[in-house]
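Asks: Structure in structure tokens, see below.
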Ligand code: FDA
């Protein structure tokens with residue numbers, strides 16, 4: 001039985017940050033992970049370049065049953081703090097768009113940064129370790145693993161959510177929460193492509209590969225970013241963002257021509273260029289393939305001069321206010337994150353420690369705090385890991 005101060009379960013973004021901070025305070029820290037490689041999600045993130053934070057990060061970029069929960073941790077370890085760490089390691093980076101910061105070269109730079117910081121702080125990392133049991137027989141935790149048994153004063157659960165099971169995601173963190181009697185917000189896939197049945201799926205299939213700038217909205221929430229047609233449905237940043245808000249059975253609304261009143265534009269075209277074909281006019285507003293398919297599907301045809309206001313309004317509505325109801329999402333296989341998780345009512349927002357089990361902490365994606373697309377989920381991992389690392 002090995003005795004240590006802080007046992008961190010999960011060598012991902014949150015687990016690393018917590019371990020580094022706790023070890024800097026002189027605690028004996030061990031990080032365990034069942035995977036053979038650390039931080040696999042960082043490696044594949046941001047298309048291999050890791051969107052490691054966002055310059056405009058604020059609590060408004062997060063979903064949670066308690067929208068105020070994330071404020072304290074985000075304030076005490078900000079995007080600028082993490083950027084300082086990136087610069088300390090001389091990792092070249094750039095802002096892509098909307099404040100999103102990426103590595104110039106490779107996401108592996110961030111993994112190297114974490115490994116170096118971990119080593120410098122004196123924490124240990126043990127990979128390829130299956131954890132078979134976690135209990136708290138007295139004032140310490142007992143952890144049984146494939147590589148021996150441990151006792152720890154503090155147990156930090158940083159095992160992430162359910163997305164991308166083939167990279168090692170498990171329900172382990174939720175199972176521990178339940179074992180200790182903590183309540184959960186039901187998890188579901190988020191930042192995930194939406195799927196369709198019926199005619200919309202056929203349309204998406206025909207348009208697979210076409211992308212367009214769009215405003216996608218659900219209820220009072222809207223995002224303007226790229227939209228991508230795929231063989232299974234719709235993807236792209238605007239769709240991933242709205243998937244976190246979408247409720248089953250309800251439609252999303254898509255504006256395929258942001259900032260343009262399509263009815264007004266076509267009515268003006270009818271006055272100025274009456275001989276122009278309606279499909280040609282639509283092709284000046286939308287990508288050609290999209291305009292063509294949409295026109296065929298809705299039987300929009302003929303010269304502008306021959307179109308009534310009613311028809312032009314239908315075209316305008318189809319482009320500016322396209323309503324479509326997804327049948328579902330692509331699920332955890334492709335989702336970037338998991339919505340829901342350990343109920344924030346169970347945790348201190350300052351330290352991430354559970355209120356009912358002293359020494360038990362939950363950090364990162366396993367907690368019911370989910371960021372928008374754009375570097376916010378890593379910032380939550382850094383901030384919540386940092387918060388726990390100050391006290392664990
Ligand atoms: P994370 O999932 O990173 O780590 C959990 C660790 O626990 C893993 O190492 C896992 O092996 C381990 N584990 C799980 N079960 C275990 C068990 N039973 N026993 C032992 N170990 C176990 N975010 C962002 O801000 N910018 C971006 O660019 C991207 N890009 C991106 C791309 C893709 C494809 C995905 C899937 C996700 C993103 N994300 C992202 C989201 C981001 O990756 C995610 O929110 C963080 O990695 C969460 O960090 P955690 O440390 O909480 O969990």
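In full-length UniProt numbering, the protein residues as written are 1 to 392. Ideal Cβ positions, reconstructed from N, Cα and C, are used throughout, including at glycine. Small disclaimer: the values here were computed from a predicted structure and weren't measured.
1) Given this structure, state the Cα-to-Cα distance separating residue 185 from residue 255, to the nearest angstrom.
2) For the 8 Å Cβ check, are there 3 or more pairs between the segment 323-334 and the segment 188-200?
3) Measure the alpha-carbon distance for residue 155 versus residue 210 and round it to whole angstroms.
4) Assuming residue 98 contacts residue 374 under a Cβ cut-off of 8 Å, what Cβ separation, rounded to an integer in Å, is found between them?
5) Per DSSP, residue 150 is paired with what?
6) Are three or more beta carbon pairs between the segment 373-387 and the segment 47-67 nearer than 8 Å?
7) So what does DSSP say about residue 301, is it helix, strand or coil?
8) Nearest to residue 140 by alpha carbon, out of 345, 112, 1?
9) Okay, do the segment 288-304 and the segment 147-162 touch, 3+ Cβ pairs below 8 Å being the bar?
10) CA-CA distance, residue 323 and residue 219?
11) Of the residues 53, 284, 68, which one's Cα is nearest the Cα of residue 95?
12) Taking buried to mean at least 16 other C-beta atoms within 10 Å of its own C-beta, is residue 225 buried or exposed?
13) Taking 8 Å as the cut-off, is the C-beta of residue 50 nearer than that to any heavy atom in the ligand FDA?
14) Whose C-alpha, out of 11, 246, 4, 3, is nearest the C-alpha of residue 363?
15) Have a look at the DSSP bridge pairing and note the partners of residue 369.
16) Please classify residue 117 as buried or exposed, where buried requires at least 16 other C-beta atoms within 10 Å of its C-beta.
17) Let me check you understand the geometry: is the CB of residue 13 closer than 8 Å to at least one non-hydrogen atom of the ligand FDA?
18) State the start and end residues of the unbroken beta strand (DSSP E) segment that holds residue 224.
Replies: Judging by the given coordinates:
1) 32 Å
2) yes
3) 47 Å
4) 6 Å
5) 2, 143
6) yes
7) coil
8) 1
9) no
10) 12 Å
11) 53
12) buried
13) yes
14) 11
15) Per DSSP, none; premise fails for residue 369.
16) buried
17) yes
18) 221-229
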